[in-house]
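Residue numbers (the numbering used here): 7 to 234.
Here's the structure we're looking at; comments come further down.
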Amino acid sequence: MNFLQDVLHLFFPKICITCDIKLLQPEKIICTLCRHDLPIICYTNYENNKITKAFYGRIPIEKATSFLFYRKEGKTKKLIHALKYKGNQEVGNFIGDWFGGILKDSSEFKDIDCIIPVPLHPKKQRKRGYNQLTTFGLRLSEHLTKPYLEDVLIRTSASKTQTFKQRFERFSNNSTKFSVPDPSIIKNKHILLVDDVITTGATLESCCKELLNSESIKISIVTMAYTE
Ligand SMILES: [Zn+2]
């Protein structure tokens with residue numbers, strides 16, 4: 007820790023995202039107490055758990071797991087909110103490093119070929135300035151030593167007629183359009199699809215359906231959080 011950092015810390019102390027107390031100098035993002043209090047999901051079985059079961063009968067996936075339980079007014083919600091709406095991309099690094107280390111040690115995903123994020127709609131990404139999955143995905147990529155590919159799966163703009171149609175399809179999970187411009191890139195590959203929070207799983211389901219149009223691919227899913 008150098009002098010400048012000491013002075014900066016003195017006058018502009020960082021605040022814990024989840025409980026608002028001043029962070030001590032070595033603490034990052036959240037304080038030690040909150041860190042120990044995070045609702046970490048401890049699945050050791052990645053092929054048969056609540057998350058994989060949520061996709062039964064919908065799409066064929068190999069394995070799935072998440073890092074944190076997402077609850078109303080909980081710490082996870084505050085972390086994800088800071089990442090998505092307050093520009094705090096450090097949250098993605100924090101979760102990606104911690105979870106990436108766990109996934110690496112488990113060796114469960116050692117046979118994946120690449121990591122692909124759920125894409126944001128281009129308009130939304132321009133407004134936000136970033137995809138909230140990028141820092142998380144890049145840290146996973148480092149730990150699992152597999153490439154992070156952001157342009158394989160894209161979200162397409164809805165035309166006016168589609169938008170009109172979507173008003174009637176809002177509840178049928180078919181309103182989001184994804185596409186894979188060059189399916190040959192993922193042919194015969196095992197993809198690790200990543201997202202922030204699984205709630206109904208509808209978005210991931212749409213992504214998987216599009217990816218599965220490519221020849222003989224396998225898909226596994228990893229997310230930062232999961233709503234029970
Ligand atoms: Zn705290």
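Beta carbons: idealized from backbone N, C-alpha and C, even for Gly.
- Sorted by position in the chain, Cys22, Thr24, Cys25, Ile27, Ile36, Cys37, Leu39 and Cys40 make up the residues whose C-beta lies under 6 Å from a heavy atom of ligand 1.
- Separation of Ile121 and Glu79 (C-alpha to C-alpha, rounded to the nearest whole angstrom) is 30 Å.
- For His42, DSSP assigns no beta-bridge partner whatsoever.
- With a cutoff of 8 Å on beta-carbon distance, Gly143 and Pro123 are scored as near each other.
- Beta-bridge partners of Tyr232 (DSSP): Phe75 and Ile204.
- In the same chain as Tyr232, and ignoring 5 residues on each side of it, the C-beta atoms closer than 8 Å to its own belong to Ile47, Lys56, Ile57, Ser72, Leu74, Phe75, Tyr76, Val203 and Ile204, in chain order.
- In the pairwise beta carbon analysis, the segment 137 to 156 is classified as touching the segment 81 to 100: at least three pairs are separated by under 8 Å.
- Cα atoms of Tyr52 and Glu68: separation of roughly 8 Å, rounded to the nearest angstrom.
- Cβ contact annotation for Ile35 (same chain, cutoff 7 Å, sequence separation greater than five): Ile23, Glu96, Val97 and Phe100, in chain order.
- Between the C-alpha atoms of Leu39 and Gly107 there is a straight-line separation of about 21 Å.
- Cβ-Cβ separation between Ile21 and Leu29: approximately 7 Å, consistent with a contact (criterion under 8 Å).
- Among the bridge pairs identified by DSSP, Arg161 is matched with Phe184.
- Between Lys193 and Glu221, the C-beta spacing is below 8 Å.
- Nearest neighbour of Glu211 by Cα position, chosen from Thr162, Trp104, Tyr62 and Ser112, turns out to be Tyr62.
- In this structure, DSSP gives Pro123 an extended state, which the three-state scheme calls strand.
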